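Notes follow the structure.
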Amino acid sequence: MKLKDLIDGIYAGPLAQHYHDLEVAGISSDSRKVDPNEIFVALRGEQFDGRQFIPSAIAHGARVIVTDDTPAVVPGEEACVLNVADTNSFLRQIAERFYGHPSRRVNVVGITGTNGKTTISYLVESILHRAQEECGVVGTVNYRVGRQVYPAVNTTPGFLENQRLLYELAEQNIRYCVMEVSSHALVQKRVDNIQFKAAVFTNLTQDHLDYHGTMENYFAAKSRLFELVREDGVCCVNVDNDYGRRLYQQLSQHVMTFGLNPRAEIHATDIRYSVRGTEFLLVTPHGEVRIVTPLLGEFNVSNILAAVCVGFHEGICLEAIHQGIEDLQCVPGRLESVESDRDYEILIDYAHTPDALQNVLTALRRISPRRIILVFGCGGDRDRGKRPLMGQIAAAGADKIIITSDNPRTEDPERIIAEIESGITGGDYEVVVDREQAIARGLNIAGEGDIVLIAGKGHEDYQVLGDRRIDFNERSVVRKVLRC
2 MKLKDLIDGI YAGPLAQHYH DLEVAGISSD SRKVDPNEIF VALRGEQFDG
52 RQFIPSAIAH GARVIVTDDT PAVVPGEEAC VLNVADTNSF LRQIAERFYG
102 HPSRRVNVVG ITGTNGKTTI SYLVESILHR AQEECGVVGT VNYRVGRQVY
152 PAVNTTPGFL ENQRLLYELA EQNIRYCVME VSSHALVQKR VDNIQFKAAV
202 FTNLTQDHLD YHGTMENYFA AKSRLFELVR EDGVCCVNVD NDYGRRLYQQ
252 LSQHVMTFGL NPRAEIHATD IRYSVRGTEF LLVTPHGEVR IVTPLLGEFN
302 VSNILAAVCV GFHEGICLEA IHQGIEDLQC VPGRLESVES DRDYEILIDY
352 AHTPDALQNV LTALRRISPR RIILVFGCGG DRDRGKRPLM GQIAAAGADK
402 IIITSDNPRT EDPERIIAEI ESGITGGDYE VVVDREQAIA RGLNIAGEGD
452 IVLIAGKGHE DYQVLGDRRI DFNERSVVRK VLRC
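Numbering (the working numbering), first residue to last: 2 to 485.
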């Protein structure tokens, strides 16, 4: 695309005549990834100021520099400078135009809420596959575009990456994309200008208050997703929680409700739990069907109901929805079973919030294990207020607790553990700071009929210690311990 066409109506400043017909090869906000004839947008972030990397971008071949200030180093003939008031807004507009407004060509399903986003994304993907629809997925575990799988840097990528991923889907004639949408992404406008065909609200419980400050701000951030829904789209809202009911009251678009509440349009009844999974009667305006799933717990019933809402809105029949749900056998790092020859169960789960931990412990208690042995910690440089709450929940729900490190990042692991301990007023617990040793301890004390739950990291295959990211795959750790 020619530069003059790309910026027409977006940039009103001066542009040298000989740059008008420049064929723009791409757009980047990372100077290390700039290719020749690309635009480099110098964004100001929390940690880095893109203006510092303008010389590097030019050295890599950038022909156009976008900044909100006069750069310290003014490029010569090799590049031109576009001064704009808001680099983020400018980037969103030119990225959408450069990639041909891809969300107009792909039906984007956005999922937001504290817990459940990943499982719902896998369920919607499975239902769409049963309906013979290909589907891309952008979320916490990875970004899946056709046969290409990209590692997930964030739950929701930056705006430029989102546009590129949607463009790739559109070019492959893949009609759907399921996207986990984090509160950070909504505040930072990473999904602005994306037109969502459906938006799902799961729940809202304490998390990320280090970033949002208050639950009210957190709710406001999550609510922004529903402002981005297309006129022909749907808002799927869980009305089992106060924030969901509040959101339902304030929405003016087409809303479908789901939950265990029998007044919800999509609801569940006659729920039965066992070590093999969950069984319930799915009740919908389109009929009823018995669901049998290996996914454990009431919270997964709710996740299934959310996916059903999306399926019905997209015109998928009840039978395909039923089959799609039952096709999904597991979700990476979500009550994921690690096979072994031992007479106890080993589960890995991403539960890293108070609500998620309580939900998982409640689900496991319902299947009547002899003991629940919980190995967990809390992440560093994150919401400190949830640490004592998680200690309290662990003490109430587990028979034996081993408190350890999660991703301590730049915090002292022992200080994090002490804050978890402050919420424990009773119960059997011990501290093993090293996570591998803590997992080994949990496995070594387990006996017949026990469940060892390793919580907090789930699908992650790394651990963040200080500024280092080291390989740490909990499945591999478990197998290593069991071999010894």
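Quick reminder that beta carbons are idealized off the backbone N, C-alpha and C, glycines included. Owing to the predicted nature of the structure, the values given are computational and were not obtained by experimental measurement.
Checklist entry - What residue from THR156, ILE317, ARG148 has the CA that sits closest to THR113's CA? => result Nearest C-alpha to THR113: THR156.
Next on the checklist: Using the three-state DSSP reduction, which class does SER353 fall into: helix, strand or coil?
Outcome noted: The sequence given here has His at residue 353, not Ser. Note: HIS353 maps to coil in three-state DSSP.
Next on the checklist: Assess contact between the stretch 130-148 and the stretch 161-179, defined as three or more Cβ pairs (one per stretch) separated by less than 8 Å. Is contact present?
Outcome noted: Verdict: yes, contact present.
Checklist entry - So what's PRO414 in DSSP terms, helix, strand or just coil? => result Per DSSP, reduced to three states, the secondary structure at PRO414 is helical.
Checklist entry - In the structure shown, what three-state DSSP assignment does GLN393 receive? => result Helix.
Checklist entry - Looking only at C-alpha atoms, which of LYS5, ALA199, ALA43 sits nearest to ASN89? => result For ASN89, the closest of LYS5, ALA199, ALA43 by C-alpha to C-alpha distance is ALA43.
Item to check | Pair within 8 Å by beta-carbon distance, GLY147 and ILE121 | outcome: Between GLY147 and ILE121, the C-beta gap is not smaller than 8 Å, which leaves the two residues out of contact.
Item to check | Under the three-state DSSP convention, the category LEU329 falls into | outcome: Collapsing the DSSP output to three states places LEU329 in coil.
Checklist entry - DSSP state of ASN218, grouped into three classes? => result Here ASN218 sits in helix by DSSP.
Item to check | In DSSP terms, what GLN1 is bridged to | outcome: Nothing can be reported for residue 1: it is not among the residues displayed for the chain, which extend from 2 to 485.
Checklist entry - Which residue's Cα is closest to the Cα of GLU299: CYS318, ALA96, VAL361, GLY428? => result Of the candidates CYS318, ALA96, VAL361, GLY428, the one whose C-alpha sits nearest the C-alpha of GLU299 is VAL361.
Item to check | CYS136 in three-state terms, based on DSSP | outcome: Strand, per DSSP.
Checklist entry - Residue range of the alpha helix (DSSP H) that TYR244 falls in? => result Looking at the DSSP string, the run of the alpha helix (DSSP H) that includes TYR244 is 243-251.
Checklist entry - If ARG231 and ALA171 are in contact, beta carbons under 8 Å, what's the gap, nearest whole angstrom? => result Contact annotation, ARG231 with ALA171: C-beta distance approximately 16 Å; criterion of less than 8 Å not satisfied.
Item to check | Residues near VAL150 by beta carbon distance below 8 Å, same chain, minus five either side | outcome: Around VAL150: ASN143, TYR144.
Next on the checklist: Within 10 Å of its beta-carbon, does GLY427 have 16 or more other beta-carbons around it, so buried, or fewer, so exposed?
Outcome noted: Exposed.
Checklist entry - So, does the CB of LEU161 fall closer than 8 Å to a CB anywhere in chain D? => result Of the protein chains in this structure there is only one, and it is not chain D.
Next on the checklist: If you follow the alpha helix (DSSP H) that ALA269 is in, where does it begin and where does it stop?
Outcome noted: Not the alpha helix (DSSP H): ALA269 falls in the beta strand (DSSP E), residues 267-275.
Item to check | Three-state class that DSSP yields for VAL42 in the structure shown | outcome: VAL42 carries a strand assignment under DSSP once its states are collapsed to helix, strand and coil.
Next on the checklist: Please return the same chain residues whose Cβ sits closer than 7 Å to the Cβ of ASP451, not counting the five positions on each side in sequence.
Outcome noted: Same-chain partners within the cutoff: TYR345, PRO370, ARG371, ARG372, ILE374.
Item to check | VAL201 classed as buried or exposed, judged by whether at least 16 other C-beta atoms fall within 10 angstroms | outcome: Around the CB of VAL201, 16 or more other CB atoms lie within 10 Å, so the residue is classed as buried.
Checklist entry - Three-state secondary structure (DSSP) at TYR123? => result In this structure, TYR123 counts as helix in the three-state DSSP scheme.
Item to check | Touching by the beta-carbon criterion (3+ pairs, under 8 Å), the stretch 320-331 and the stretch 385-393 | outcome: Result no; under three Cβ-Cβ pairs closer than 8 Å.
Checklist entry - In whole angstroms, what is the alpha-carbon distance linking ASN116 and ASN204? => result Taking the straight line from one Cα to the other gives about 7 Å.
Checklist entry - How would you write the range of the beta strand (DSSP E) that THR113 sits in, first residue to last? => result According to the DSSP assignment, THR113 belongs to the beta strand (DSSP E) that extends over 108-113.
Item to check | For TYR219, the nearest candidate out of GLY381, THR258, LEU248 (CA to CA) | outcome: Closest by alpha carbon: LEU248.
Checklist entry - Helix, strand or coil: which one does DSSP assign to CYS310? => result DSSP, reduced to helix, strand and coil, places CYS310 within a helical segment of the structure shown.
Next on the checklist: Residues in the same chain with beta-carbon distance under 6 Å from ASN242, minus the five sequence neighbours each way, listed in chain order, please.
Outcome noted: Take ASN242, set aside five residues on each side of it, and the residues of its chain with a beta-carbon closer than 6 Å to its own are ASN204, in chain order.
Next on the checklist: Helix, strand or coil, according to DSSP, for ARG231 in the structure here?
Outcome noted: DSSP places ARG231 in strand when its eight states are reduced to three.
Checklist entry - Roughly how many angstroms lie between the CA atoms of VAL293 and VAL309, to the nearest whole one? => result Going from the Cα of VAL293 to the Cα of VAL309 covers about 14 Å.
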